[in-house]
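Enquirer:
Chains as they are written, first to last, in the working numbering: chain A, 33 to 286; chain B, 39 to 397.
#1: Assuming residue 303(B) contacts residue 292(B) under a Cβ cut-off of 8 Å, what Cβ separation, rounded to an integer in Å, is found between them?
#2: Buried or exposed for residue 174(A), going by 16 or more other Cβ atoms inside 10 Å?
#3: Closer than 9 Å between beta carbons: that is the criterion. Which residues of the region 181–206 of chain A meet it against chain B?
#4: I want to know whether the region 154–162 of chain A touches the region 188–200 of chain A - three or more CB-CB distances under 8 Å.
#5: Per DSSP, which residues does residue 125(A) bridge with? Please list them.
#6: For residue 261(A) versus residue 226(A), is the C-beta spacing smaller than 7 Å?
#7: Quick one: which residues of the region 142–157 of chain B get their C-beta closer than 7 Å to a C-beta of chain A? List them in chain order.
#8: Pull up the DSSP beta-bridge partners for residue 175(B), would you.
#9: With DSSP run on the structure shown, which of helix, strand or coil describes residue 70(A)?
#10: Give a yes or no on whether 7 Å exceeds the smallest Cβ distance from residue 3(B) to chain A.
#11: Which residue marks the beginning of the beta strand (DSSP E) containing residue 58(B), and which one marks its end?
#12: From what residue to what residue does the beta strand (DSSP E) around residue 252(B) run?
#13: Please report the residue range of the alpha helix (DSSP H) in which residue 174(A) lies.
#14: Would you please verify whether the beta carbon of residue 186(B) is less than 7 Å from any beta carbon of chain A?
#15: Going by CA-CA distance only, name the one from 142(A), 123(A), 147(A) and 110(A) that's closest to residue 132(A).
#16: For a test of the three-state rule: what should DSSP assign to residue 46(A), helix, strand or coil?
#17: Below 8 Å, can you find three or more Cβ-Cβ pairs linking the region 257–267 of chain B to the region 100–113 of chain B?
#18: With residue 287(B) as the anchor, note down where its beta strand (DSSP E) starts and where it stops.
#19: Mind listing the chain B neighbours of residue 211(A)? Cutoff is C-beta to C-beta under 8 Å, in chain order.
#20: Opposite residue 123(B) in the DSSP bridges: which residues?
#21: Suppose you measure from the CA of residue 177(B) to the CA of residue 70(B); what does that come to, to the nearest Å?
#22: With DSSP collapsed to three states, give me the class of residue 110(A).
#23: In terms of residue numbering, what span does the alpha helix (DSSP H) encompassing residue 143(A) cover?
#24: So residue 245(A) and residue 55(A) are in contact, right, with Cβ under 8 Å, and what is the actual spacing, rounded?
#25: Go through the region 65–108 of chain B residue by residue and report every complete run of the alpha helix (DSSP H) that reaches 4 residues or more, in order.
#26: Quick one: which chain A residues come within Cβ less than 8 Å of residue 122(B)?
#27: Taking only the alpha-carbon atoms, compute the straight-line gap between residue 107(A) and residue 220(A) and give it to the nearest angstrom.
#28: Quick check: what's the CA-CA separation for residue 393(B) versus residue 281(B)?
#29: To which residues of the same chain is residue 194(B) closer than 8 Å at the C-beta, ignoring the five residues directly before and after it?
#30: Determine the chain B residues that contact residue 178(A) at a beta-carbon separation under 9 Å, and present them in chain order.
#31: Does chain A have any CB closer than 7 Å to the CB of residue 208(B)?
#32: Give the secondary structure of residue 394(B) by DSSP, where H, G and I count as helix, E and B as strand, and everything else as coil.
#33: Using 10 angstroms around the beta-carbon of residue 378(B), count the other beta-carbons present and answer buried if the total reaches 16, otherwise exposed.
#34: Residue 216(A) and residue 178(A) look like a contact to me (Cβ under 8 Å); what is the Cβ gap, rounded to whole Å?
#35: How should residue 24(B) be labelled, buried or exposed, when 16 other C-beta atoms within 10 angstroms of its C-beta is the threshold for buried?
#36: Within this structure, are the beta carbons of residue 64(B) and residue 246(B) separated by less than 7 Å?
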């Protein structure tokens, strides 16, 4: 009974861990000649090149800034929208959700190209503000779709309880609403963050050469696997952190 | 009494109207609860009881009418500034807090220090019979315990008015008795003005110093429980409180003719509508009315008899050991002191004749 489950778990761990292990080894490989199983020499060349030629420092900070800002904005916009979507389950509920999900169905390149036309005229092309706005168009639907599931009637009931016990609106938000939706809110934020973090198309089109992590990573993939692996690690760390945080946040409220 | 002479915590609703879409839910509710007293609001499902409670608490917008609490108009105030604490049908506890923090919720949001709010919560937990439950998680508590915590939480907010919306309906019958007794004790100790919503007339009688009957969005009668049970203001009130014995006729010289028989009746001569509670109908060898037993129903505590003869129909309840068999002929006495003459002015009815569940 328990054996097959254990085998499945082990298989999942191996499948997940194997490429990661290779990536970590690759990133720290100074010399790795075929057919050796392990590199002949370990070192930090990958990271050195990534920071020197790949502009990794700027890329990480740009990516981080754009991801945090666009996700933060998306949560602020999606919060009231999700509340009203959850409160009024009208005849057009399905249609509205579909409309909101539309940006997910259009390739980001297309959205980005369309936006660039306007951003050039508005002086936003190649700026961080422009990138944040461009990412927002992609991040917002994800955040909104996740957040709609947070505001169940249960949350409204708890808020009513707080209202009747004399809690003013802002304190209600802090003491009742946010703790009640914390798991979903965390999930929405982390998903939004990861969507922005790994955004390639929009960054390429709108960014006009502004270094972003997925963009700096790509040229090295064919030319220098060690640098590519080092950049990939930098790319992966926030993603894994996000996953761990999300799973902890959901477990605590369950 | 405050400076204006109005009692602190007294509730006064007048002309309250609420509509849901085009359908009226409250049609001009008049309700007064004197300071420090308990009223049970009773009525069938859909009468508007919960809507009235929510309107008073400020959780339901009203179309017209006024609400005064302690002599102050509160209908323009948001819910959190009205000073009404609500105990809902469901406990509505916060799952991320332990029992003590749930009780001390109003102190927590007001920024009271942890040590102080936990000691206040501990005292209140003791008051509701949950000594030492402070550290329990919400998920570890039974439904009755959760509802006790909800009650303690409401008391902790020191409200002007305590509103309870069928709070014990999800608790099993034996525990419900305990909770009713607890609520009455706590209310009396603190002299809290209290409105208790229920659909159960027995619960209303036990809990209310006064009982208000609500039908189709109006308060029909508001008085002491015994008055609603024994001296109903209309046949509809009589039926809701379990007396379907409505006898119509004309009183002449202090007597009324029912079927082939004339019995003494109260009040002046004229057209009359009389009612008598089923438990006051006496089966007596020398009773003036002769009726046939049409149906007998054993209810656990007594046996209900459906009696009839021609147009005359009566319901009587008797001890199971004394119950005659169906089909038997029995003689019945209706003591004049137990016959209540329903005022005819109300009989035509502010409330349109309608069907609702009388079980």
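Built from N, CA and C at the ideal position, the CB exists for glycine as well. Since this is a predicted model, take the numbers as computed values, not measurements.
Expert: Per the coordinate set shown:
#1: Along the second chain, one-based indexing puts residue 303(B) at 265. Along the second chain, one-based indexing puts residue 292(B) at 254. For residue 303(B) against residue 292(B), the beta-carbon gap comes to about 7 Å, under 8 Å, which counts as contact.
#2: Translated into the one-based positions of the first chain, residue 174(A) becomes position 142. Buried is the call here.
#3: 186, 189, 190, 192, 193, 194, 195, 196, 197, 198, 199, 200, 201, 203, 204 and 206
#4: no
#5: Numbered from 1 along the first chain, position 93 holds the residue referred to as residue 125(A). Beta-bridge pairing links residue 125(A) to no other residue.
#6: For the purposes of this step, residue 261(A) is identified with residue 229 of the first chain, where counting begins at 1. For the purposes of this step, residue 226(A) is identified with residue 194 of the first chain, where counting begins at 1. The answer is no: Cβ separation not under 7 Å.
#7: Cβ contacts with chain A come from 143, 144, 146 and 147.
#8: Locating residue 175(B) in the second chain gives position 137, counting from the first residue. DSSP lists 136(B) as partners of residue 175(B).
#9: Locating residue 70(A) in the first chain gives position 38, where the first residue counts as 1. In this structure, residue 70(A) counts as coil in the three-state DSSP scheme.
#10: The question about residue 3(B) has no answer here: the residues shown for chain B are numbered 39 through 397.
#11: Here residue 58(B) is taken as the residue at index 20 of the second chain, counted from 1. It spans 49–58 - the beta strand (DSSP E) in which residue 58(B) sits, taken as one unbroken run.
#12: Residue mapping note: residue 252(B) aligns to position 214 of the second chain, counting from 1. Residues 248–253.
#13: The count along the first chain starts at 1 and reaches residue 174(A) at position 142. Taken as a continuous stretch (DSSP letters only), the alpha helix (DSSP H) holding residue 174(A) covers 160–179.
#14: The residue labelled residue 186(B) in the question sits at position 148 within the second chain. So no, residue 186(B) is outside the interface.
#15: Against the first chain, residue 132(A) aligns to sequence position 100. Considering only alpha carbons, the answer is 110(A).
#16: If you number the first chain from 1, residue 46(A) lands on position 14. Looking at residue 46(A) - three-state DSSP - the assignment turns out to be helix.
#17: no
#18: On the second chain, residue 287(B) is found 249 positions in, with the first residue counted as 1. That run of the beta strand (DSSP E) goes 284–290.
#19: Here residue 211(A) refers to the residue found at position 179 when the first chain is read from its first residue. Simply 132 and 134.
#20: Here residue 123(B) refers to the residue found at position 85 of the second chain. In the DSSP output, where bridge partners are listed per residue, residue 123(B) has 200(B).
#21: Taking the second chain and counting its residues from 1, one reaches residue 177(B) at position 139. Taking the second chain and counting its residues from 1, one reaches residue 70(B) at position 32. Each residue's CA atom was taken as its position, placing residue 177(B) and residue 70(B) some 39 Å apart.
#22: Indexing the first chain from 1 puts residue 110(A) at position 78. In the structure shown, residue 110(A) sits in a helix (DSSP, three-state: H, G or I).
#23: The residue given as residue 143(A) occupies position 111 in the first chain. Run containing residue 143(A): 140–154, per the alpha helix (DSSP H) assignment.
#24: What you label residue 245(A) is simply residue 213 of the first chain in a count that begins at 1. What you label residue 55(A) is simply residue 23 of the first chain in a count that begins at 1. At roughly 15 Å, the Cβ-Cβ gap does not stay under 8 Å, so residue 245(A) and residue 55(A) are not in contact.
#25: 87–95
#26: For the purposes of this step, residue 122(B) is taken as the residue at position 84 of the second chain. Neighbours of residue 122(B) on chain A, chain order: 196.
#27: Residue numbering aside, residue 107(A) sits at position 75 when the first chain is read from its first letter. Residue numbering aside, residue 220(A) sits at position 188 when the first chain is read from its first letter. C-alpha separation (whole angstroms): 8 Å.
#28: The count along the second chain starts at 1 and reaches residue 393(B) at position 355. The count along the second chain starts at 1 and reaches residue 281(B) at position 243. Residue confidence is low: residue 393(B) scores 40 on pLDDT, short of 50, so the model does not pin down where it sits. Its coordinate-derived value is still stated next. Taking the straight line joining both Cα atoms gives about 16 Å.
#29: By 1-based counting over the second chain, the position of residue 194(B) is 156. Once the five neighbours on either side are set aside, the close Cβ partners of residue 194(B) are 141, 142, 143, 144, 145, 158, 159 and 162.
#30: As a working note, residue 178(A) is residue 146 in the first chain. Near residue 178(A) there are no residues of chain B at all, since even the closest Cβ is about 20 Å away, more than 9 Å.
#31: As a first step, residue 208(B) must be located in the second chain, where it is residue number 170. So no, residue 208(B) is outside the interface.
#32: Working through the second chain from its first residue, we reach residue 394(B) at position 356. Annotation note: pLDDT 42 at residue 394(B) (below 50); position unreliable, coordinate value reported separately. Note: residue 394(B) maps to coil in three-state DSSP.
#33: Start at 1 with the first residue of the second chain, and residue 378(B) comes out as number 340. Under this definition residue 378(B) is a buried residue.
#34: One-based indexing of the first chain puts residue 216(A) at position 184. One-based indexing of the first chain puts residue 178(A) at position 146. Rounded, the Cβ-Cβ distance is 6 Å, consistent with contact.
#35: In the structure as shown, chain B begins at 39 and stops at 397. Residue 24(B) is therefore absent and cannot be evaluated.
#36: Here residue 64(B) is taken as the residue at index 26 of the second chain, counted from 1. Here residue 246(B) is taken as the residue at index 208 of the second chain, counted from 1. Result no, Cβ atoms of residue 64(B) and residue 246(B) do not sit closer than 7 Å.
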